[in-house]
Amino acid sequence: MRRRRRYRSSYDREEFDVKDFLSEAGHWAISIFVVVILAYSIVTFGMQTVTMIGQSMNPALSSQDVLLLNKAAYTFGSPKRYDIVAFKLKDDSDGYFTIKRIVGLPGETVQIKNGKIFIDGDVLTDLPFDDLIMTEGVALEGVTLGDDEYFVIGDNCNNSEDSRYVNIGNISSKEISGKIVFRISPRSEWGFVK
2 MRRRRRYRSS YDREEFDVKD FLSEAGHWAI SIFVVVILAY SIVTFGMQTV
52 TMIGQSMNPA LSSQDVLLLN KAAYTFGSPK RYDIVAFKLK DDSDGYFTIK
102 RIVGLPGETV QIKNGKIFID GDVLTDLPFD DLIMTEGVAL EGVTLGDDEY
152 FVIGDNCNNS EDSRYVNIGN ISSKEISGKI VFRISPRSEW GFVK
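Just so you know, this note's numbering puts 25 at position 24 of the sequence shown, and the rest follows in order with no gaps.
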């Protein structure tokens, strides 16, 4: 007896299962939702790119450097001396970040005299820049920082508008958007920022 060959036809396909389809679609929807939430969290609370405007942080940073700002850097700690931070000026409606280096910490008295920075009467000898400071500004007589205030200055100290000037003044921790940690561009300068 000869066996008949059976050919699959379009009618032999398995029936479309609505339950399986909805289950699979639900898994995809949840996965996409989680990715969107993670991306939003990283942008809002994690990292952000910012561009250095001006020459006030030369030689550490140059104008038009594209930098990575760690917005979560101070979630579990406080800014440290010599951290490079980004903040927005109170009256800046354009939303540009100002980038400077912290030299004075909460509770300290910062004074600039004879071209040097003094903290509570002692000269800072390990500054990341060597220039003598020609303009003391409000720090000539000494500035005592509040419990939540920081004194910032640009590395290009003789070409920087910073805490020495009344229009910037002391920076509160709430004004600090985060710590500059990495230079993305130009490629020749790619790497961690010190």
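Where a beta carbon is used, it is the ideal one built from N, C-alpha and C, also for glycine.
Per-residue burial, G116 [other beta carbons within 10 Å of its own, 16 or more giving buried]: Residue mapping note: residue 116 aligns to position 115 of the sequence shown, counting from 1. It counts as exposed.
Bridge partner(s) assigned by DSSP for T110: Taking the sequence shown and counting its residues from 1, the one referred to as residue 110 is at position 109. Its beta-bridge partners are T145.
Run of the beta strand (DSSP E) containing M48, from where it starts to where it stops: Along the sequence shown, one-based indexing puts residue 48 at 47. Here the beta strand (DSSP E) through M48 covers 48 to 52.
From G179, F119, D21, residue whose alpha carbon lies closest to that of E137: Along the sequence shown, one-based indexing puts residue 137 at 136. Measuring from the Cα of E137, the nearest candidate turns out to be F119.
Segment limits, beta strand (DSSP E) that includes F119: Within the sequence shown, residue 119 is the residue found at index 118, counting from 1. That run of the beta strand (DSSP E) goes 117 to 120.
Own chain residues within Cβ distance below 8 angstroms of I177, not counting five before or after: One-based indexing of the sequence shown puts residue 177 at position 176. Cβ neighbours of I177 beyond the five flanking positions: Y75, P80, V86, A87, F88, Y151.
CB contact flag (N71, K180, <8 angstroms): Stepping through the sequence shown from its first residue, residue 71 is reached at position 70. Stepping through the sequence shown from its first residue, residue 180 is reached at position 179. Going by C-beta atoms, N71 is nearer than 8 angstroms to K180.
First and last residue of the uninterrupted beta strand (DSSP E) at N157: Taking the sequence shown and counting its residues from 1, one reaches residue 157 at position 156. Segment: none, N157 is in no beta strand (DSSP E) and carries neither H nor E.
Closest residue to N157 among D131, E142, S164, G143 (Cα-Cα distance): The residue labelled residue 157 in the question sits at position 156 within the sequence shown. Looking at the Cα atoms, D131 is the closest of the given residues.
S189 versus G155: straight-line alpha-carbon distance, rounded: For the purposes of this step, residue 189 is identified with residue 188 of the sequence shown, where counting begins at 1. For the purposes of this step, residue 155 is identified with residue 154 of the sequence shown, where counting begins at 1. When rounded, the distance between both Cα atoms is 23 angstroms.
Distance, F22 Cα to S186 Cα: Residue mapping note: residue 186 aligns to position 185 of the sequence shown, counting from 1. Residue mapping note: residue 22 aligns to position 21 of the sequence shown, counting from 1. If you take the alpha carbons of S186 and F22, they lie about 46 angstroms apart.
V182 versus G122 - alpha carbon distance: If you number the sequence shown from 1, residue 182 lands on position 181. If you number the sequence shown from 1, residue 122 lands on position 121. Using only the alpha carbons, I get a separation of about 30 angstroms.
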